[in-house]
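In our numbering, the protein residues as written are 124 to 449. In this text, a Cβ means the ideal position worked out from N, Cα and C, and glycines have one as well. Bear in mind the structure is a predicted one, so any value in this text is a computation, not a measurement.
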Amino acid sequence: MALGFFSRLKQGLSRSTQKLGGGLSGMFTRRRLDDEALEELEDLLITADLGPAVAERVIESFRRSRFGTEVTDEEIRATLADEIARILEPVAQPFVPDPAHRPHVVLVVGVNGVGKTTTIGKMARFFTEEGRKVMLVAGDTFRAAAVEQLQIWGERTHCPVIAGPPGADAAGLAFEALTRARAEGAELVFMDTAGRLHNKSALMEELAKIIRVMRKFDETAPHSVLLVLDATTGQNAMEQVRVFRELVNVSGLVVTKLDGSAKGGIVVALADAFGLPVHAVGVGEQAEDLRPFDARDYARGLVGVADVPADAAAQIDARADARSDG
Numbered sequence: 124m125a126l127g128f129f130s131r132l133k134q135g136l137s138r139s140t141q142k143l144g145g146g147l148s149g150m151f152t153r154r155r156l157d158d159e160a161l162e163e164l165e166d167l168l169i170t171a172d173l174g175p176a177v178a179e180r181v182i183e184s185f186r187r188s189r190f191g192t193e194v195t196d197e198e199i200r201a202t203l204a205d206e207i208a209r210i211l212e213p214v215a216q217p218f219v220p221d222p223a224h225r226p227h228v229v230l231v232v233g234v235n236g237v238g239k240t241t242t243i244g245k246m247a248r249f250f251t252e253e254g255r256k257v258m259l260v261a262g263d264t265f266r267a268a269a270v271e272q273l274q275i276w277g278e279r280t281h282c283p284v285i286a287g288p289p290g291a292d293a294a295g296l297a298f299e300a301l302t303r304a305r306a307e308g309a310e311l312v313f314m315d316t317a318g319r320l321h322n323k324s325a326l327m328e329e330l331a332k333i334i335r336v337m338r339k340f341d342e343t344a345p346h347s348v349l350l351v352l353d354a355t356t357g358q359n360a361m362e363q364v365r366v367f368r369e370l371v372n373v374s375g376l377v378v379t380k381l382d383g384s385a386k387g388g389i390v391v392a393l394a395d396a397f398g399l400p401v402h403a404v405g406v407g408e409q410a411e412d413l414r415p416f417d418a419r420d421y422a423r424g425l426v427g428v429a430d431v432p433a434d435a436a437a438q439i440d441a442r443a444d445a446r447s448d449g
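(1) Using C-beta distances below 8 Å, list every residue in its chain close to Ala-317, excluding the 5 sequence neighbours before and after it, in chain order.
(2) With 16 other CB atoms within 10 Å as the buried threshold, where does Asp-166 fall?
(3) Does the beta-carbon distance from Lys-245 to Glu-307 come in below 9 Å?
(4) Using the Cβ count rule (16 or more neighbours within 10 Å means buried), how would you classify Thr-343?
(5) On the CB-based measure, 16 or more other CB atoms within 10 Å of its CB, does Ser-139 come out buried or exposed?
(6) Scan the segment 228-307 and note each continuous beta strand (DSSP E) run of 3 residues or more that stays entirely inside, going in chain order.
(7) Please report the Cβ distance between Val-366 and Val-378, rounded to the nearest whole angstrom; I am assuming they are in contact, meaning their Cβ atoms lie under 8 Å.
(8) Quick one: what's Val-351 bridged to in DSSP?
(9) Smallest Cα separation from Val-426: which of Thr-302, Gly-388, Gly-398, Gln-409?
(10) Between Gln-409, Pro-175, Gly-424, Ala-394, which lies nearest to Ala-215 when the distance is taken from Cα to Cα?
(11) Quick one: grab the DSSP three-state call for Glu-342.
(12) How would you write the range of the alpha helix (DSSP H) that Phe-397 sits in, first residue to last?
(13) Alpha carbons only, please: which of Leu-296, Ala-396, Lys-339, Val-260 is nearest the one belonging to Asp-315?
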């Protein structure tokens, strides 16, 4: 039987869970939660990429509620999962197109290699399966592979793809795409972009030009700016958010490649530091492995809360799939 998303999430987070959960198991069998134990726990949380600010918040919560008591690793895991979920819940917001804008224009940004093009393809599949009319724009014109990859996703999802020759003007493609989108009644337009951060000024100029062209059609466009981050980069993702917020008005995050990373705690650090909506997370290569972000499921998977019975896991999977479908 195919794994439900909750099960795939736990599987995808397994490296992060081993790093964080394994450390907790080694630290707490049954132990008094004193200053030394809290210091060790704080160090573990920081090395698990939750970051010093989150680690401090969690430790202070433990100090207020459990200091001086004997605890087991299971109790620490459960409490830690609750603390992490509280940090994540405000940012766990599925991406929902605004029906007031037709088309709803989505600018997708991020450094090269984070999975922007694949993310666009997976989101296109999700929304076409909902019955929406989607158009894709291959705006990363400096990488032929990115254009070809988006065209493949266009064929898979039956979405038209606006593309040009290598080195084509991305703003010109945006102009063509929005012209066609209006004429053809598209509901969503996803535009890929270059991510050459080594030349920040050139990237800023290109993104600004794309946005200027979009606003000739709709002064409110783009209606969403999604920043795609690769979980394997860990704390470097924090700097990417800072840089792209300088370049464009980032409205939400998508975090990919959690299945290849032991740095799943970075999602918690991002939520605490920036408060930007986390729309989706990716835990595998399949289209269905990019799903809306759920705070409690993520926290439980990250910390490695004890497995629930198979029938209960199936119920959780069913609820997670229903949330995604809804």
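To lay it out plainly:
(1) Asn-235, Gly-262, Asp-263, Thr-264, Phe-265, Arg-266, Ala-293, Leu-326, Glu-329
(2) exposed
(3) No, the pair does not count as a contact, with Cβ atoms beyond the cut-off.
(4) exposed
(5) buried
(6) 257-260, all fully within the segment 228-307.
(7) 16 Å between Cβ atoms; not a contact.
(8) Val-377
(9) Residue Gly-388 holds the alpha-carbon nearest to the alpha-carbon of Val-426 among Thr-302, Gly-388, Gly-398, Gln-409.
(10) Measuring from the Cα of Ala-215, the nearest candidate turns out to be Ala-394.
(11) Note: Glu-342 maps to coil in three-state DSSP.
(12) Where Phe-397 is concerned, the enclosing alpha helix (DSSP H) stretches over 389-397.
(13) Taking only the C-alpha atoms, the option nearest Asp-315 is Val-260.
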